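Scroll down for the structure; my scribbles are underneath it.
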Amino acid sequence: MNKTCRLANSIKKVSSSFHQVSDIKTNTITKRFGRQDIDAFRSAAGVNTHTTFPVATVFGCTGFVGRYVVAALADAGYQVITPWRRNEFDIVNQRSMGDVGQVVAMRFDLKRYDSILDICARSNVVINCIGRDHKRIFDNVTVYNSNVESAEIISRACKETNVDRFIQLSLLNADKNSESEYWKQKGLAEEAALSNFDNTTIVRSANAYGTEDGFLNLIAKQIRIFPLIPLTQKGQAKVQPVFVGDVGRAVARTVLNSRTVGKTVELAGPEVFTWSQLVDTVARIIDEKPGGKVMIPEIVGQLVGYINEYTHTPGWTSDLPIRMSFDHVLPKEKPQNVMRFEDLGMTPVILEEAALEPLSRWRRKADYFMDVNYKN
Ligand SMILES: NC(=O)c1ccc[n+]([C@@H]2O[C@H](COP(=O)([O-])OP(=O)(O)OC[C@H]3O[C@@H](n4cnc5c(N)ncnc54)[C@H](OP(=O)(O)O)[C@@H]3O)[C@@H](O)[C@H]2O)c1
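Taking UniProt numbering, I'd label the letters of the sequence shown as residues 1 to 376.
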């Protein structure tokens with residue numbers, strides 16, 4: 001650990017024990033403090049903090065889910081560190097999610113362990129939203145690097161810097177024996193996080209949708225462009241989509257709730273659809289006639305996916321047809337160590353209501369969202 005890191009770590013420990021800000025046993029995590037205490041931490045830790053405590057870091061905050069987690073944590077009064085790696089403009093939106101100085105950017109690189117240590121040493125809670133479901137052909141980052149390596153490195157740094165809690169974002173079907181490469185790597189990532197750090201909580205989410213998703217937007221785009229929508233397994237595999245805003249808030253509530261330590265939190269929306277029903281639902285939302293569907297063999301879908309992966313943001317990837325062939329819903333059984341929305345005091349929103357705004361850009365007949373939802 002370098003000098004800055006040790007200094008920030010010891011300040012965090014002293015500050016935490018003195019103020020009990022991160023005492024997860026007594027769940028005083030939301031306690032607020034006077035301006036003077038905060039200023040002392042600010043100057044000592046070298047972080048431009050605002051008047052809130054404690055500090056939560058969201059790795060992967062530049063991604064789809066990560067930015068909603070940042071918004072929910074800032075809303076809950078956390079000082080949020082937003083690590084970025086390529087372009088500082090990637091976190092410009094996140095800055096405006098809190099008061100001035102509440103959301104702080106720090107640069108990192110997974111290959112530079114000292115940069116991870118430095119960030120973790122300043123954090124009470126660390127959330128890992130880093131992940132990727134495909135390998136970009138012209139990029140040397142693999143699915144393993146983004147999912148397993150990130151979980152392994154960050155959880156190890158959390159242990160080394162005595163972070164209070166670590167939250168690993170995962171998927172409902174994460175399983176190291178899965179046929180899907182993505183689900184397999186997510187299963188391995190969970191294992192790595194749990195074995196490295198005791199105070200880990202796994203948050204397993206179903207397919208999330210929202211303005212920036214590559215899920216319902218992909219279906220809507222296909223409906224607008226193609227006469228036939230490609231599906232595998234006759235479109236009969238089931239999905240249980242969840243609104244990304246609910247995922248963000250659920251992660252913040254997980255952080256606030258000390259009973260979630262060491263548990264798994266499973267998040268899914270209130271409705272189960274088959275892929276075929278989902279295509280019809282999206283068509284209805286964007287006010288298009290539900291078009292035809294074409295059933296393609298997995299291998300054809302995979303080939304198209306491999307070609308797409310040469311592009312910068314492939315919607316349809318080689319792993320997607322495999323995932324479309326399996327149910328991706330909440331398990332029927334709920335073991336004792338599993339918590340869901342209801343245990344966090346939340347009710348997830350209904351897709352036909354929450355997806356109206358994110359999908360409004362695909363409607364031919366309405367230029368603005370107000371046209372579809374405005375009530376005077
Ligand atoms: N989206 C869903 O429906 C869904 C559902 C359940 C669970 N999850 C999980 O939630 C997490 C976030 O998903 P998402 O949809 O938000 O993904 P995303 O939009 O693709 O964002 C991925 C994030 O990970 C970062 N990242 C990827 N590879 C990296 C690497 N090698 N080094 C450093 N940073 C890296 C990206 O940083 P750059 O911006 O710098 O590339 C970005 O911030 C993932 O773990 C995913 O498995 C997602």
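We treat Cβ as the ideally placed atom computed from N, Cα and C, and that holds for glycine. Given the structure is predicted, the values throughout are model-derived calculations rather than measurements.
Among the options, nearest to residue i - alpha-carbon criterion
i, options, result
"Leu117", "Arg132, Gly98, Arg136, Ile154", "Ile154"
"Ile223", "Thr313, Val255, Arg284", "Arg284"
"Asn124", "Asp343, Glu160, Asn140, Phe89", "Glu160"
"Asn145", "Ile167, Pro241, Leu188, Val294", "Leu188"
"Glu149", "Arg132, Asp164, Ile137, Phe138", "Arg132"
"Tyr119", "Asn87, Arg156, His134, Gly248", "Note that residue 119 corresponds to Ile in the displayed sequence, not to Tyr. Out of Asn87, Arg156, His134, Gly248, Arg156 has the C-alpha closest to the C-alpha of Ile119."
"residue 447", "Ala72, Tyr209, Glu298", "Nothing about residue 447 can be read from this structure; the chain reaches only from 1 to 376."
"Cys61", "Gly248, Phe215, Lys221", "Gly248"
"Gly214", "Asp198, Pro241, Thr254", "Pro241"
"Val55", "Ala76, Arg122, Gln302", "Arg122"
"Arg86", "Thr281, Gly210, Pro290, Leu110", "Leu110"
"Leu216", "Trp275, Ile130, Tyr78, Thr57", "Trp275"
"Glu342", "Ile91, Glu152, Gly269", "Gly269"
"Tyr306", "Tyr78, Lys135, Asn128, Ala72", "Lys135"
"Gly235", "Ile202, Ala151, Gln277", "Gln277"
"Asn196", "Cys158, Lys289, Leu356", "Cys158"
C-alpha distance - residue i paired with residue j, whole-angstrom precision
i, j, result
"Asp175", "Glu352", "30 angstroms"
"Ser96", "Val251", "20 angstroms"
"Pro358", "Phe64", "13 angstroms"
"Phe89", "Ala193", "30 angstroms"
"Pro335", "Thr264", "10 angstroms"
"Phe108", "Val126", "14 angstroms"
"Val261", "Lys184", "24 angstroms"
"Lys186", "Lys332", "21 angstroms"
"Leu228", "Met324", "17 angstroms"
"Tyr113", "Thr311", "30 angstroms"
"Gly101", "Ser170", "30 angstroms"
"Asn162", "Ser115", "16 angstroms"
"Thr347", "Ser258", "20 angstroms"
"Leu344", "Ile167", "15 angstroms"
"Val255", "Phe59", "15 angstroms"
"Met295", "Ile225", "17 angstroms"
"His328", "Gly301", "19 angstroms"
"Gly245", "Tyr68", "6 angstroms"
"Pro321", "Thr232", "6 angstroms"
"residue 429", "Ile137", "What is shown of the chain runs 1 to 376, which leaves residue 429 out entirely."
"Ile29", "Thr57", "Because the pLDDT of Ile29 is 30, which lies under 50, any placement of that residue in the model is unreliable, and the number read from its coordinates should be weighed accordingly. Near 15 angstroms, if we compare the C-alpha coordinates of Thr57 and Ile29."
"Val279", "Thr313", "21 angstroms"
"Gly66", "Cys129", "6 angstroms"
"Ala201", "Asn147", "The sequence given here places Thr at residue 201; Ala does not occur at that position. So the two alpha carbons sit approximately 16 angstroms from each other."
"Leu356", "Ile91", "26 angstroms"
"Lys289", "Tyr209", "21 angstroms"
"Ala72", "Tyr78", "9 angstroms"
Cβ neighbours of residue i in the same chain (closer than 7 angstroms, five flanking residues each side left out)
i, result
"Val304", "Trp316"
"Glu266", "Leu172, Arg204, Leu330, Val338, Arg340"
"Val103", "Val70, Ala74, Val80, Thr82, Gln94, Arg95, Met97"
"Glu181", "Val143, Asp319"
"Ala151", "Asn128, Gln168, Ala189, Ala192, Ala193"
"Glu179", "Ile322"
Spatial neighbours of residue i in its chain, beta-carbon cut-off 6 angstroms, leaving aside the 5 residues before and after
i, result
"Arg363", "Ile286, Asp287"
"Leu218", "Gly315"
"Lys13", "Residue confidence for Lys13 is low, a pLDDT of 49 falling below 50, so the modelled location carries little weight and cannot support an answer."
"Phe243", "Val349, Ala354"
"Met106", "Ile81, Pro83, Ile119"
"Ala76", "Ala252"
"Ala220", "Val282, Ile286, Leu359, Trp362"
"Thr211", "Pro358"
"Lys238", "Val272, Thr274, Asp327, Val329"
Burial state of residue i (16 or more Cβ within 10 Å)
i, result
"Asn140", "exposed"
"Asp99", "exposed"
"Phe273", "buried"
"Asn207", "buried"
"Gly292", "exposed"
"Glu190", "buried"
"Asp198", "exposed"
"Thr281", "buried"
"Lys365", "exposed"
Spatial neighbours of residue i in its chain, beta-carbon cut-off 8 angstroms, leaving aside the 5 residues before and after
i, result
"Asn177", "Lys184, Gly187"
Contact with chain B by residue i, beta-carbon distance below 9 angstroms
i, result
"Arg340", "Here there is only one protein chain, and chain B is not present."
Kindly provide the ranges of any alpha helix (DSSP H) runs that are 4 or more residues long and lie completely inside the segment 159-218, ordered along the chain. Restricted to the segment 159-218, the alpha helix (DSSP H) segments that are unbroken, complete and at least 4 residues in length are 181-196, listed in chain order.
Which ranges does the alpha helix (DSSP H) cover as unbroken runs of at least 4 residues, wholly within the segment 318-355, from first to last along the chain? Taken in chain order, the whole alpha helix (DSSP H) runs of length 4 or more contained in the segment 318-355 are 320-323, 351-354.
Taking only runs of the beta strand (DSSP E) that begin and end inside the segment 274-322, which ones reach a length of at least 3 residues, in chain order? DSSP runs (the beta strand (DSSP E)) wholly in the segment 274-322: 292-295.
Uninterrupted alpha helix (DSSP H) stretches inside the segment 85-144 (no shorter than 4 residues): Counting only unbroken stretches of 4 or more residues, the alpha helix (DSSP H) elements lying wholly within the segment 85-144 are 92-95, 113-120, in sequence order.
Start-end ranges of the alpha helix (DSSP H) lying completely within the segment 218-278, minimum 4 residues: Fully enclosed alpha helix (DSSP H) runs of 4 or longer: 244-256.
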